[in-house]
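**Student:** As numbered in numbering that gives the first Met the number 0, residues 0 to 657 make up the sequence shown, in order.
Think of the CB as a built atom: it goes at the ideal place given N, C-alpha and C, for glycine as much as any other residue.
Computed from a prediction, not measured in an experiment: that's the story for all the values here.
For reference, the structure I am asking about is given below.
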Amino acid sequence: MEKIGLIGKFKILARPTGSPKWGHAVRAIILMILAGLIAHFLGFDKGIGVIMFVTLLASIIIDISLPIRKVVILAILGLFMTVLAFLSAYLALSSLEIFIFFTVIWAFFTTSLYIFGATEGSLGFTFFLIYFVAVLMVNTGSTPVEWCIYSVLPYLVVSILFIPKIWLEKRKISEMVTVGFNPQSSIQSVFLTLKILSGVSLKSNYYDIFKLGSYLKGLRTYSDLIASRLPSKSKECFNNFLAAADKSSLKVSNNFKSNGNMVNLKEMDDALLEVESCFLGSNNVIFELSQGIRDILDKSNKLLSVTSKKDVKKIESSKISFKEVLEANFNINNIYIRHAIRFTLAMTIALILVYFNHERSVIWVTMGILIILKPDITSTVNNLISRVGVNLFAIIIAIILSFIFPHYVLIFLAFIMLFFFRAFFPGYMALSIMAITVFIVLVWPTGTVFENAIARLVDISIGGIIAFIFAYVILPSRVTVNLPDQLIKTIKANITCANQVLAISKNYDSNIVKCFKKYIGEDNNLEAGIKKLEDTFEDINDDLELYNGLMILNRKVAADLTAASAILSKDPEKLQQDSDIHVNKLKDILHKFEVSLNGNIGQLKLNPDVLKMDHSYDPQNSELEQLLNWITADIQLIIKGMEIAVETGALSRYTKLD
């Protein structure tokens, strides 16, 4: 286990998180050109640059892979924030005091969205980026009405993308609801899909297939955890069954998406017989797991022969309110609020300089601060090294191109770079950053390309150094993280929530809120700690995967607990009417797990009977019953993951992450 060196920091930035989006890039460039032509035809030549930039941004928003209902909401929000950003920038021209006021508001409240999660934080950063560009572009040469038009026109042009989205919506939803049947997916991808689909009306068979697939993924994850600890001969037998199950689940998924017929499960049934002969009598847990996977796939397979009903259901997710998240996280102790204060101060000072002097070096220094300043010192330093390094490569490319091609060709190459920027965003961030840097150097010269390139590298390095100074001096967040301890705190907070949900009391709702506030704060700290681990060490893929998996499982438990509490707050008697067996089993597991966590974590071992997975998901069962089953299964997975963390030593490492 070694700390990440200079090369490793580049690898982190270069690590792909998705595939290139060539189709998205083609559409974005075509729409930018179309928006520019429309603007010219309508006589808006002064705003063509703004219109083309906003078109690129709007295409990114509308091309997000979400149900169309949520894309529409995001597009409307994006349009509103874009208009607001340009109007704010225009009004800010009237005086320095107004400029500072708007800059502080935009910087602080957009950056503080990270307390709601990484996705919300990225969206907030995008909104601030719009304001940043508005500050650079807005002038008194156009009226406020014209700036509104420059903001609205691109969204009208990009709304063309809704046509194929509407056409392909059914296919997109079918891909989402079958995510649990994909052998390449993970618990995390199921949880993300749960968040995406929450509140979306689904046909009953779509709802049921998603629930079955989610339960299947839980069983498969548990199976992999157990298989990793088996002797080689037993592991081979069990893995043969799991491979056959994966083939069958993929066939079920494909047939559901294509409205196909039921699939033949004979190969999996034959493999199940081998498991029975290998383990029955010696390892009941493995046999029960195998039988559970087979039962889930059999129920899913039968859904293929059922005619879709007209009734619809909604997937319920977390009921934690906006107010509760704010109360739990909106304080100076939260690393993201500290970052928001630091970021606001740095960007306000930098943009004041831009306000007085639009010279390009000042703008590039400000851009350096914008892209390098991160919530803690370690991440800021890593960002400084990696981003400056990536820009160095980009500048070398720009210089080479300038020596090979004449000026008029460079403009054409610049737009090719813009194409690559969109294609590689966000899956290949290093390549995306390189492409946009080459684009800017080629189309925004201050002399020769060589002089421009060197000046830009110096400017962004200065911005990075300023970002480091702010990270080190202003409310520094260089805290030492005890990651195992933080993981245990998060799990305990979830157990407290679970016990509170299962104990109907006089002040039920208020007690639940208090518990979830505590959990939210601990989960926020755990996420920051895991990110610090990822940025600090190399060759820790197994440990990183284990910690990430446990964090996601905790979030799944929290989401289902809030859904269960919503049901029980309306009808407390349901806890006794439907679910005595499920409640008693869950309470037993929670009690024994909590005792283990409060004692010697190194001795964490529970009776195999307690960890026997319940695979009784049935579309006919009540929602509360399924939620309790789901919570029980995920708690069992968390316990198994903690056992493995103890065995592998993952819980004795990373106690002092700086």
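Here's the rule I'm using: 16 or more other beta-carbon atoms within 10 Å means buried, otherwise exposed. How should Asn-263 be labelled?
**Tutor:** Flag for Asn-263 reads exposed.
**Student:** Counting only runs of 3+ residues fully inside the region 224 to 295, write out the beta strand (DSSP E) ranges in chain order.
**Tutor:** Complete beta strand (DSSP E) runs here, min 3: none at all.
**Student:** What are the boundary residues of the alpha helix (DSSP H) that Val-556 is part of?
**Tutor:** Residues 540 to 569.
**Student:** In angstroms with no decimal places, state the Cα-to-Cα distance between Ile-630 and Phe-592.
**Tutor:** Going by the C-alpha atoms only, they are around 14 Å apart.
**Student:** Would you check if the region 460 to 478 and the region 337 to 355 touch, i.e. whether three or more CB-CB distances between them fall below 8 Å?
**Tutor:** Touching, per the Cβ criterion.
**Student:** Which value, in whole angstroms, describes the spacing of the CA atoms of Ile-643 and Lys-586?
**Tutor:** Going from the Cα of Ile-643 to the Cα of Lys-586 covers about 23 Å.
**Student:** For Gly-648, which three-state DSSP category applies?
**Tutor:** If DSSP states are grouped into helix, strand and coil, Gly-648 belongs with coil.
**Student:** With which residues is Ile-637 paired in a DSSP beta bridge?
**Tutor:** Bridge partners of Ile-637: none, in fact.
**Student:** Assign Phe-98 to one of two classes, buried (16 or more other C-beta atoms within 10 Å of its C-beta) or exposed (fewer than that).
**Tutor:** Burial call: buried.
**Student:** If I measure Cβ to Cβ from Trp-21 and keep anything under 8 Å in the same chain, skipping five residues before and after, which residues do I get?
**Tutor:** Counting only Cβ-Cβ distances below 8 Å, and skipping sequence neighbours, we find Ala-422.
**Student:** Using only the alpha-carbon positions, how far apart do Gly-120 and Ser-564 sit?
**Tutor:** If you take the alpha carbons of Gly-120 and Ser-564, they lie about 27 Å apart.
**Student:** Does Val-137 come out as helix, strand or coil in the three-state DSSP assignment?
**Tutor:** Coil.
**Student:** Can you check the region 429 to 487 for any alpha helix (DSSP H) of at least 4 residues that lies completely inside it and give the ranges in chain order?
**Tutor:** List check, alpha helix (DSSP H) in window: 448 to 472.
**Student:** Among Asn-493, Val-157, Ser-94, Gly-259, which has the Cα closest to the Cα of Glu-521?
**Tutor:** That would be Asn-493, whose Cα lies nearest to the Cα of Glu-521.
**Student:** With three or more beta-carbon pairs closer than 8 Å as the criterion, would you say the region 231 to 240 touches the region 345 to 360?
**Tutor:** At 8 Å Cβ cutoff, the stretches do not touch.
**Student:** Going by C-alpha to C-alpha distance, which of Ile-415, Ala-27, Ala-270, Leu-400 sits closest to Val-156?
**Tutor:** Nearest of Ile-415, Ala-27, Ala-270, Leu-400 to Val-156, Cα basis: Ala-27.
**Student:** Output the boundary residues of the beta strand (DSSP E) element that contains Val-311.
**Tutor:** Here the beta strand (DSSP E) through Val-311 covers 311 to 313.
**Student:** So which of Leu-412, Asp-633, Ala-632, Leu-545 has the shortest CA-CA distance to Gly-648?
**Tutor:** When only C-alpha atoms are compared, the closest one is Leu-545.
**Student:** What would DSSP say about Lys-373, mapped onto helix, strand or coil?
**Tutor:** Coil at Lys-373, not helix or strand.
**Student:** Taking only beta-carbon positions, decide if Gly-46 is within less than 8 Å of chain C.
**Tutor:** Protein chains in the displayed structure number just one, and chain C is not present.
**Student:** Considering only residues of the same chain and omitting the five flanking positions on each side of Leu-224, which have a CB-CB separation below 8 Å?
**Tutor:** Excluding residues within five positions, the ones whose Cβ falls inside 8 Å are Leu-636, Lys-639, Gly-640, Ile-643.
**Student:** Cβ atoms of Met-80 and Phe-115: under 8 Å apart, would you say?
**Tutor:** Contact: no.
**Student:** CA-CA distance, Ala-434 and Ala-393?
**Tutor:** The alpha-carbon atoms of Ala-434 and Ala-393 are separated by roughly 7 Å.
**Student:** Measure the C-alpha to C-alpha separation of Ile-519 and Pro-66 and round it to an integer number of angstroms.
**Tutor:** Distance between the alpha carbons of Ile-519 and Pro-66: 27 Å.
**Student:** Starting from the C-beta of Lys-696, find all residues in its chain whose C-beta is less than 8 Å away, skip the five residues before and the five after it, and write them out in chain order.
**Tutor:** Shown here, the chain extends from 0 to 657; a query on residue 696 therefore has no answer.
**Student:** Restricting to runs no shorter than 3 residues, where is the beta strand (DSSP E) found entirely within the region 169 to 222?
**Tutor:** Listed in chain order, the complete beta strand (DSSP E) runs (minimum 3 residues) inside the region 169 to 222 are 200 to 202.
**Student:** On the criterion of 16 or more Cβ atoms from any shown chain inside 10 Å, does Asn-330 qualify as buried, or is it exposed?
**Tutor:** That one is exposed.
**Student:** At which residue ranges does the region 47 to 83 contain complete alpha helix (DSSP H) runs of 4 or more residues, listed in the order of the chain?
**Tutor:** With a minimum length of 4 residues, the continuous alpha helix (DSSP H) runs that stay inside the region 47 to 83 are 47 to 61.
**Student:** Closest by CA to Ile-588, which one among Ala-562, Asp-559, Leu-627?
**Tutor:** Considering only alpha carbons, the answer is Leu-627.
**Student:** Figure out for me which residue from Asn-498, Val-176, Thr-118 has the closest Cα to the Cα of Leu-249.
**Tutor:** Looking at the Cα atoms, Val-176 is the closest of the given residues.
**Student:** Does Asp-458 pass the burial test, meaning 16 or more other C-beta atoms within 10 Å, or should it be called exposed?
**Tutor:** Buried.
**Student:** Tell me whether Ser-87 is buried or exposed, calling it buried when 16 or more other Cβ atoms sit within 10 Å of its Cβ.
**Tutor:** With 16 or more Cβ atoms within 10 Å of its Cβ, Ser-87 is classed as buried.
**Student:** Looking at the secondary structure, which residues open and close the alpha helix (DSSP H) in which Lys-164 lies?
**Tutor:** Where Lys-164 is concerned, the enclosing alpha helix (DSSP H) stretches over 161 to 166.
**Student:** Could you compute how far the alpha carbon of Asp-534 sits from the alpha carbon of Gly-462?
**Tutor:** Cα to Cα, Asp-534 sits roughly 21 Å from Gly-462.
**Student:** Between the C-alpha atoms of Phe-237 and Glu-275, what's the straight-line distance to the nearest angstrom?
**Tutor:** Answer to the nearest angstrom: the Cα atoms are 10 Å apart.
**Student:** Select from Leu-201, Thr-365, Leu-391 the residue whose C-alpha is nearest the C-alpha of Glu-168.
**Tutor:** When each option's Cα is compared against that of Glu-168, the closest is Leu-201.
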